[in-house]
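**Student:** Have a look at the structure that comes next, please.
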Amino acid sequence: MRHKDHLPKKEGVHQTRDDSTLYTEEGLGVEGFGSDWSLLYHRRLPTAITAAVAVDCPPETTVPNHPLTPRHLRTHDLEVGGDPVSSRHLLMANADVRLSVVAANHSSPLFRNAVGDEVFYIEKGSASVETTFGSLDVGRGDYVVIPTSTTHRWVLREDEPLRALVIEATGHVGPADRYLTQRGQFTEQAPFCERDLRSPSEVLLVEGRDVDVLVKNRNGLTKLTYQSHPFDVVGWDGCLYPYAFNVADFEPITGRLHQPPPVHQTFQGPNFVVCSFVPRKLDYHPLSIPLPYNHSNVDSDEVLFYVGGDYTSRAGSGIGQGSISLHPSGFVHGPQPGAVEASLGKDSTDELAIMVDTFRPLELGSAALDIADDQYAWSWLATSNEGSPVPAAATTAPVTAGTGGQ
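Rendered as structure tokens:
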């Protein structure tokens, strides 16, 4: 990618402004200097800070999912308020990833996550994500991928709140390796391609002095005050930059018989994957069972965010728009009673859901406990004519405290 109005002919060659002073290069790269990177050209020094203040944050504790049970979280029960950076409701976390939701109605401060990449999935609402690379207009159905240490802010539209799932990695997030050629191009078998990715528009040139930026690293949150506004980049090029991708551009892979979840994979991160379940044709073998079989997550915890359509396999479970389910490793789960029989003969589905599979157990945040459906674990019980009451000793309350995630 290249925004080239003010780029010199070669990297590392000086570029002079109209007043004969030099533009200042900033190299943004990952994995030392051995992987993806970009060069940005600033009008002023991006290193000039005038203050650094530690920001006190309430501790975010998590508790193990113990006793081991599946969980159903009703995210639309969360109160609307705050901004997409400082008002995240932590639902689940482990040492690799944090999963939060936002129901924001205010724009955010300038922010930089120096721990890892962030991925937003926007369920409702729209915004401009302003960054040092330029601005991205985003809305319903968009994934927004923000690379580590990218200075940015969320500017919300005034007419509606922004509801989104926030995936905070402790490393880098990108398309699945198997979708890319040896040289980094999408293969023809990939369910999306370069044309589907939206990069920032023309660069932003914002004047300002003594500008605060919140920076998150592994030690906590710091407020850095910059002598000049960080949105002073006149040009950049490279392969590391924020981008948006709409889930409607994900092309589903189907077959004669049920296709396993890896065909829905969209991104990969450190010890987790992100998948998109989109409207699609179902299996076309004459004796096929359109719904998935009961299955165990032997190596992973499975999180599903239900964002649209008809969730046929979950009928009767209480799952609906805005629900998040957690089916942990060690628990066998599958369609609700009667769903398989009801699915026979169906040739398509209009479900829309975002899945995150983690390869280490997830612990639960306080927000998850606040919006949990305590009856979900028993929703697979077969119902007799008199009904099947929940066992008297049944409980889904965690009993052992601990901390997890970052």
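Residue 146 in full-length UniProt numbering sits at position 146 of the sequence shown; the count goes up by one each step and never skips. Don't be surprised by glycine CBs; every beta carbon is placed ideally from N, CA and C.
(1) Hey, which unbroken runs of the beta strand (DSSP E) at 3 residues or more fall wholly within the UniProt domain "Homogentisate 1,2-dioxygenase N-terminal" (103-246)?
(2) Under a three-way DSSP split, which group does residue 333 fall into?
(3) Measuring alpha carbon to alpha carbon, tell me which of 286, 252 and 257 ends up nearest residue 276.
(4) For residue 407, which residues of its own chain have a beta-carbon under 6 Å away from its beta-carbon, when the five flanking residues on both sides are left out?
(5) Let me confirm a value: residue 54 is counted as buried when at least 16 other C-beta atoms fall within 10 Å, else exposed. Which label applies?
(6) Where residue 412 and residue 370 are concerned, what is the direct C-alpha to C-alpha distance, given to the nearest angstrom?
(7) Can you find at least 3 beta carbon pairs, one from the segment 195-209 and one from the segment 133-140, that sit closer than 8 Å?
(8) What runs of the beta strand (DSSP E), each 3 residues or longer, lie entirely inside the segment 51-105?
(9) My guess is that residue 116 and residue 168 are in contact by the Cβ rule of under 8 Å, so how many angstroms apart are they, rounded?
(10) Nearest-angstrom Cα distance between residue 310 and residue 318?
(11) Between 302, 68, 274 and 273, which has its C-alpha nearest residue 334's C-alpha?
(12) Which of helix, strand or coil does DSSP assign to residue 48?
(13) How would you label residue 263, buried or exposed, when you count the other beta carbons within 10 angstroms and need 16 or more for buried?
(14) CB residue 237 to CB residue 73, shorter than 8 Å?
(15) Below 6 Å CB to CB, which residues in the same chain sit around residue 60 once its five sequence neighbours on both sides are set aside?
(16) Does DSSP put residue 384 in a helix, in a strand, or in coil?
(17) In this structure, does DSSP put residue 256 in helix, strand or coil?
(18) Is it true that the CB of residue 294 sits closer than 8 Å to the CB of residue 328?
(19) Which one of 255, 304 and 266 has the shortest CA to CA distance from residue 286?
(20) If the criterion is Cβ atoms closer than 8 Å, does the pair residue 41 and residue 233 meet it?
(21) Across which residues does DSSP place residue 349 in a beta bridge pair?
(22) With three or more C-beta pairs closer than 8 Å as the rule, is the segment 104-111 touching the segment 168-177?
(23) Checking the sheet assignment: what are the DSSP bridge partners for residue 303?
(24) Who does residue 273 pair with in a DSSP beta bridge?
(25) If you run the structure through DSSP and keep just helix, strand and coil, what is residue 344?
(26) If you check the beta carbons only, do residue 171 and residue 279 fall under 8 Å apart?
(27) Who does residue 251 pair with in a DSSP beta bridge?
(28) Between the alpha carbons of residue 163 and residue 144, how many angstroms are there, rounded?
(29) I need the boundaries of the alpha helix (DSSP H) containing residue 7, first residue and last residue.
(30) Please classify residue 369: does DSSP put it in a helix, a strand, or coil?
(31) Apart from the five residues on each side of it in sequence, which residues of its chain come closer than 8 Å, Cβ to Cβ, to residue 384?
(32) Using DSSP's beta-bridge definition, name the partner residues of residue 38.
(33) Out of 332, 304 and 331, which one is the CA nearest neighbour of residue 320?
(34) Which same chain residues, not among the five before or five after residue 160, have their C-beta less than 8 Å away from its C-beta?
(35) Return the CA-CA distance between residue 215 and residue 241, expressed in angstroms with no decimal places.
**Tutor:** According to the structure data:
(1) 111-113, 118-124, 127-131, 134-138, 142-146, 152-156, 162-169, 209-217, 220-228, 233-238 and 243-246
(2) strand
(3) 252
(4) Limits of the chain in this structure are 1 at one end and 406 at the other, which puts residue 407 out of reach.
(5) exposed
(6) In the structure displayed, the chain extends from 1 to 406; residue 412 sits before or after that span and is not available.
(7) yes
(8) 71-74, 89-93 and 97-104
(9) 6 Å
(10) 12 Å
(11) 302
(12) coil
(13) exposed
(14) no
(15) 90
(16) Model confidence at residue 384 stands at a pLDDT of 41, short of 50, so the residue's coordinates are unreliable and nothing is read from them.
(17) coil
(18) no
(19) 255
(20) yes
(21) 280
(22) no
(23) 326 and 356
(24) 268 and 357
(25) coil
(26) no
(27) In the DSSP output, where bridge partners are listed per residue, residue 251 has none listed.
(28) 13 Å
(29) Counting along the chain, residue 7 falls outside any alpha helix (DSSP H), and DSSP gives it neither H nor E.
(30) helix
(31) Confidence is the limiting factor: at residue 384 the pLDDT is only 41, short of 50, which leaves the residue's position unreliable and the question unanswerable from this model.
(32) 28 and 238
(33) 304
(34) 124, 125 and 126
(35) 18 Å
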